[in-house]
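Protein chains: 2
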Amino acid sequence: MTSRAESAAATRRALLDAAAELLDLGGPEAVTLREVGARAGVTRGAPYRHFPDKESLLIAIGSQAWEALGRQMQELRADPHMSPAGKLRAGLIAMIEIGRSRPHLYKLMFSNPPGDPAALARAAQHSQTEFLAVVADLVGEGEARRYGALLVASANGIAGLEASGQLADPKWGTTAEDLAATLVDLVARPGGRVPDPASGPGHGSRPAPRP
Amino acid sequence: MTSRAESAAATRRALLDAAAELLDLGGPEAVTLREVGARAGVTRGAPYRHFPDKESLLIAIGSQAWEALGRQMQELRADPHMSPAGKLRAGLIAMIEIGRSRPHLYKLMFSNPPGDPAALARAAQHSQTEFLAVVADLVGEGEARRYGALLVASANGIAGLEASGQLADPKWGTTAEDLAATLVDLVARPGGRVPDPASGPGHGSRPAPRP
DNA sequence: GGCTTTCAGATGACGTTGTCACCTGAACGA
DNA sequence: TCGTTCAGGTGACAACGTCATCTGAAAGCC
């Protein structure tokens, strides 16, 4: 019934689930391989049969999260019942929601582990490409190149402030959802074109020219 | 010559310096109280005479950084030779620069330690108030309430992407400085207020089209 | 002066952690 | 059937945070 490979895959998944749970509970420090093993029903040494070290286990969790977000963005983009602006708002809020509900996971997604600093950036590729496409559907290909990074960065920043609890400060007098909506309005503002050097009244700022 | 209090204060500073250095080198994991003590010329138990635990030491480092940024923002705001938009750009870039040059410190500044989750948010108060004032000088008091949080969040996001090395991905085709400039343009765009013709220092990487 | 108090620092010890070397036994291919 | 593979168990080690305890010199007081 349960082949060796199946049982090993089940253990691997149990390890990932247990580790993710511990991460949500108390951050990376709370993820001890002993406790992960215990929760997965194995002993402390067993995780080393599936992950070379603790860092790799955490990377795997972060990568999973990026992939899930990528699928979410993909489905969002394909939704025929939503306006482009609504999709962008929803995309921003999808990121913000992770920061709100799973702050430790969120920070993990934007960390760069010493062993393989680019691992999570690689895992983020699909999600960010989909997001960029959502932006392009709203503001066009050219503008998307200009605003894509800014929107990702801003969503990251809003979610980060949310994750660190700072947005709750009444000094700001706003919510993450408001910020996302304001951001979308700014980018998609009617007639909203960043002042061109030729047409604008002031100094235009252009993104670095692509090589 | 050196009283007891003076020597204790010197040790405390040496501990903070050593810890900050280790933080920059390898993140919070690399900050071991033993190594901190060794670099400060004392033994492993000595740090406990100045900080109740490791977490408090890290909080102290983060708070220091926030206070330094606060002073920087204050001086910036008082600078008579810079335009409001230039000041805002410079303020954004000041945050971004921390994320670029000291990524581990930057992440620490936006963390919320389990023991005292609001400690760093408190330390950030002055800096963020000054930043908000810079925003208000540019877009007015009413708009500042609307855009202040968004700007802080976006700066945080840009710096965070920079700190995690993701902005280096050629997919974005932009730089942190460009994003900051685009952001200022968006907020100060006609409809809000007209961006100033004089560009302040701090964004030399832009193509800078000038009529 | 002499005495007591205070406190930065040193030291030994303990439990926990990540990690390794080694062992065990069952599923697998031949 | 037999040897191989490999998930998992076990013992051990160094490093870590932290505490209890000790020491010695500066500081305060008479």
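Residue numbers (the UniProt record's numbering), protein chains in the order written: chain A, 1 to 211; chain B, 1 to 211. Ideal placement from N, C-alpha and C gives every residue a C-beta, glycine not left out.
Spatially closest choice to residue i from the options, by CA coordinates
i	options	result
residue 129 of chain A	A:188, A:26, A:4 and A:71	A:71
residue 23 of chain B	B:176, B:103, B:90 and B:172	B:103
residue 142 of chain B	A:172, A:166 and A:101	A:172
residue 148 of chain B	B:112, B:27 and B:188	B:188
residue 140 of chain A	A:158, A:37 and A:84	A:84
residue 69 of chain B	B:145, B:125 and B:112	B:125
residue 64 of chain B	B:30, B:145 and B:106	B:106
residue 170 of chain B	A:160, A:145 and A:151	A:145
residue 153 of chain B	B:174, B:138 and B:91	B:91
residue 61 of chain B	B:35, B:54, B:16 and B:52	B:16
residue 77 of chain A	A:132, A:34 and A:50	A:132
residue 127 of chain B	B:52, B:57, B:28 and B:66	B:66
residue 213 of chain B	B:33, B:54 and B:138	The requested residue 213 of chain B does not occur in the structure, where chain B is confined to residues 1 to 211.
residue 21 of chain B	B:8, B:9 and B:35	B:35
residue 55 of chain A	A:108, A:168, A:174 and A:167	A:108
Contact under 8 Å by Cβ, residue i with residue j
i	j	result
residue 134 of chain B	residue 88 of chain B	yes
residue 100 of chain A	residue 177 of chain A	no
residue 59 of chain A	residue 113 of chain A	yes
residue 37 of chain B	residue 30 of chain B	no
residue 160 of chain A	residue 110 of chain B	yes
residue 157 of chain A	residue 155 of chain B	yes
residue 50 of chain B	residue 11 of chain B	yes
residue 165 of chain B	residue 28 of chain A	no
residue 57 of chain B	residue 19 of chain B	yes
Beta carbon proximity, residue i to chain B, threshold 8 Å
i	result
residue 110 of chain A	yes
residue 117 of chain A	yes
residue 194 of chain A	Residue placement at residue 194 of chain A is flagged as unreliable, the pLDDT there being 42, under the threshold of 50; the coordinate-derived value follows with that caveat. At least one chain B Cβ lies under 8 Å of residue 194 of chain A.
residue 88 of chain A	no
residue 179 of chain A	yes
residue 208 of chain A	Because the pLDDT at residue 208 of chain A is just 38, under 50, the model does not fix this residue reliably, and the point stays unresolved.
residue 121 of chain A	yes
residue 84 of chain A	no
residue 114 of chain A	yes
Contact with chain A by residue i, beta-carbon distance below 8 Å
i	result
residue 124 of chain B	yes
residue 12 of chain B	no
residue 212 of chain B	Lying outside 1 to 211, the shown extent of chain B, residue 212 of chain B is not represented and no answer is given.
residue 53 of chain B	no
residue 201 of chain B	In this prediction, residue 201 of chain B has a pLDDT of 39, which is less than 50 and means its spatial position is unreliable; what the coordinates show is noted afterwards. By this cut-off, residue 201 of chain B is not an interface position.
residue 169 of chain B	yes
residue 92 of chain B	no
residue 173 of chain B	yes
residue 105 of chain B	no
residue 182 of chain B	yes
residue 26 of chain B	yes
Quick one: any contact between the stretch 110-125 of chain A and the stretch 182-189 of chain A, if contact means 3 or more CB pairs under 8 Å?
-> no
Using Cβ-Cβ distances below 9 Å, what residues of the stretch 150-164 of chain A are close to chain B?
-> 150, 152, 153, 154, 155, 156, 157, 158, 159, 160, 161, 162, 163 and 164
The stretch 39-51 of chain B in contact with the stretch 91-99 of chain B per 3-pair CB rule at 8 Å = no
Listed from N- to C-terminal order along the chain, which residues in the stretch 54-74 of chain B have their beta-carbon within a distance smaller than 7 Å of any beta-carbon of chain A?
-> none
Near-chain A residues of the stretch 131-151 of chain B (beta-carbon distance less than 9 Å), N- to C-terminal order = 132, 145, 146, 147, 148, 149 and 150
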